[in-house]
Structure formats: structure tokens, C-alpha cells
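Undergrad:
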Amino acid sequence: MEKLIKRAQVSQRRIQSGNIHLYFRSISRQAIFYRDVEKLEFLKRCNSIAKKLNCKILAFVLMDNHVHLQLQTDNLNGFVLSLLRGYVKWYNRLNGISGKLFTTPFGSSVKYSKESLVESVLYILCNPVKAGMVLTPKDYKWSSFKFHYQNYRNPLKKIIEVDTTLLNSIYKSKCEFDKAVEYYYHDINKIYDRKIDVWRPEIYTKLWENLNAKLNGRSIYSIEIEEKIKIARQLQAETGATFNQVTSLTQLNF
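In terms of this note's numbering, the sequence shown opens at residue 19 and continues consecutively.
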């Protein structure tokens, strides 16, 4: 009961309008998005709910176990509740499971100035680089990076609408935009030097390829614990991934 009261208090205090950076993380930091259909459905729901509530999506990135959105809205709680309730129900039905996917309460941060808003969007776009999953933002499919300047083939434009007016008005060309993004992540090697448990791009790619081969079309949720442990050990030996990285993808808790 105390937890429910605390969550209600947080929700009441949370600012409901403005340019807001939203953040959802999975429970126990385990992977959620295994298949393209799961990512596409999340983006479709973001788009439909944003239109229904007169919100604008300025940036997004879908990571394996968390999501960042930059949202312009007057109804933050309405957007989040509609999005997460509907998506979790759909996801659980698809995978034959039950329960929550994301931790509560969700994270949000209002951006009051143009400078802080631009930095927030750049942070979102560079998140896959920061995590070590790719070398540059343009290499990551599941973000809004390729919505800028119409210079990239981008199938996601058929799925979700992104308002790029702000950044496109500041960076007058694709070249300026690319330089700003590059400047934002140019010191990424410092993250590796601190030995934070981040992905290396080559390990990330190989790990997902090997996992999908072992699943052979099956859902990770349909596999018994003994097989999950076996797969986790094989993946770690084959790819050189860390223990935490392997267990996060195989839904193992230790």
C-alpha cells in the first residue's frame, strides 16, 4: 500500500506539459525487444497515441531493454498510461506471458530551454553509440536519426511521425547535423576506459545472431530454465560477451 501511495504522489507531482524526455526501463534490465514485430508495434502505438492526444514526438530510440522518447505534450500521464498498458497487454499475449515489462514509476525530465532540448535529442540519438552497440548513430535502425534531412532510406517513416523542425532549423544541412552528432559522441572511448559494462559493436551483433540461430524461431519465453542456462553458457563462450550481457538477453536472474 505504501508503494502505491508513493507512486501516486510521484505521478501527481510530475509535470504534465512541455518538452519532456521520457525513459522506460525493463524490470531487472532484461531484454524486451527480441523481434522486429515487437519494436514496430511499440512505434505504431507511440504514433497513434501521440496523434490522439495532440502530442509531438521529437526523437526516439528503442534499445534492447529500455526506451527513450522526447515528447512535446500537454498530457504526459495520459500518453504513458495509454502506451504502456496497451503495449504490455499486446506483448504478453504475443509471448504467452503475464506481468509487467517496465519498472515504475517511469522517468521523465522537462527541458525548459532550446539548448537543453537539443542536448536531450542528441543524447537520445547517440544512446546506441554510448552503449557500444554501433559505431555511429546512423548504423542503428531503431532510432529517429534517419528522419533528419531526407538523406537516408528510412522504412520507419511509414510507421511513426517525428517532428524534426527544431534540429533542422538549428543545423541547416545534413553535414552540420552529422558534425553535431559526431561531436556529441566523439569521446565515447572514455566510457570504455572506465570499464563500464557496455557492448562492443562486433560482440553485440554476433551475440544476437547466435541467439536467434539457437532460438530458431522460438520465443525466449517458451524455453525451460535448463535450456536457457545452456544457451547462455554457449553464447558467452562463442562471443566473449560478459555474464551480465548474456543473462539480460536470455531472461535469467541470478
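Think of the CB as a built atom: it goes at the ideal place given N, C-alpha and C, for glycine as much as any other residue. No experiment lies behind these values; they were computed from the predicted model shown.
If you follow the beta strand (DSSP E) that Q252 is part of, which residue opens it and which one closes it?
TA: Careful: Q252 lies outside any beta strand (DSSP E), inside the alpha helix (DSSP H) at I243 to T257.
Undergrad: When you compare the region 47 to 56 with the region 70 to 85, are there three or more beta-carbon pairs, one atom per stretch, that lie closer than 8 Å?
TA: yes
Undergrad: Run through DSSP, which three-state label would N234 get?
TA: coil
Undergrad: Can you find the residues in the same chain that come closer than 8 Å, C-beta to C-beta, to G114, ignoring five residues on each side of it along the sequence?
TA: S237, Y239 and S240
Undergrad: Using the DSSP secondary-structure output, state which residues sit across from Y41 in a beta bridge.
TA: H86 and G125
Undergrad: So is Q275 buried or exposed if we call it buried at 16+ other beta carbons inside 10 Å?
TA: With the chain covering only 19 through 272, there is no way to say anything about residue 275.
Undergrad: What span of residues does the beta strand (DSSP E) with F78 cover, start to end?
TA: K74 to L80
Undergrad: Inspect the CB distances between the region 244 to 261 and the region 220 to 231 and report whether three or more fall short of 8 Å.
TA: yes
Undergrad: Which stretch, first to last residue, makes up the alpha helix (DSSP H) that contains Y141?
TA: Note, Y141: alpha helix (DSSP H), K132 to K148.
Undergrad: Of the choices A259, R43, S191 and A77, whose alpha-carbon is the least far from that of C144?
TA: A77
Undergrad: In whole angstroms, what separates the C-alpha of I38 from that of L61?
TA: For I38 and L61, the distance between alpha carbons rounds to 17 Å.
Undergrad: Which residues does DSSP list as the beta-bridge partners of F120?
TA: S44
Undergrad: Please report the distance separating the alpha-carbon of F165 from that of S66.
TA: C-alpha of F165 to C-alpha of S66: approximately 18 Å in a straight line.
Undergrad: Any idea what DSSP makes of N262, helix, strand or coil?
TA: helix
Undergrad: Mark Y203 as exposed unless 16 or more other C-beta atoms lie within 10 angstroms of its C-beta, in which case mark it buried.
TA: buried
Undergrad: Kindly identify the DSSP beta-bridge partner or partners of G36.
TA: T91
Undergrad: Evaluate I142 with the Cβ neighbour count: other Cβ atoms within 10 Å of its Cβ, from every protein chain shown; 16 or more gives buried, anything less gives exposed.
TA: buried
Undergrad: Please state whether DSSP places I161 in a helix, a strand or coil.
TA: Sequence inspection shows Ser at residue 161; the Ile mentioned does not correspond to that position. Of the three classes helix, strand and coil, the one that applies to S161 here is strand, per DSSP.
Undergrad: When the Cα atoms are used, what is the spatial distance from C73 to R43?
TA: 22 Å
Undergrad: Is the Cβ-Cβ distance between G96 and L119 less than 7 Å?
TA: no
Undergrad: Can you tell me whether P155 is buried or exposed? The criterion is at least 16 other CB atoms within 10 Å of its CB, across all chains shown.
TA: buried
Undergrad: Hey, quick one: how far does the alpha helix (DSSP H) through Y203 stretch, first residue to last?
TA: K192 to Y203
Undergrad: Pick helix, strand or coil for I214, following the three-state DSSP scheme.
TA: Residue placement at I214 is flagged as unreliable, the pLDDT there being 47, under the threshold of 50; the coordinate-derived value follows with that caveat. In this structure, I214 counts as coil in the three-state DSSP scheme.
Undergrad: On the DSSP letters alone, give me the boundaries of the alpha helix (DSSP H) that S187 sits inside.
TA: T183 to I188
Undergrad: Should K129 go down as buried or exposed, given a rule of 16 or more other Cβ atoms within 10 Å for buried?
TA: buried
Undergrad: Going by Cα to Cα distance, which pick from V147, V264, K224 and L174 is closest to E200?
TA: V147
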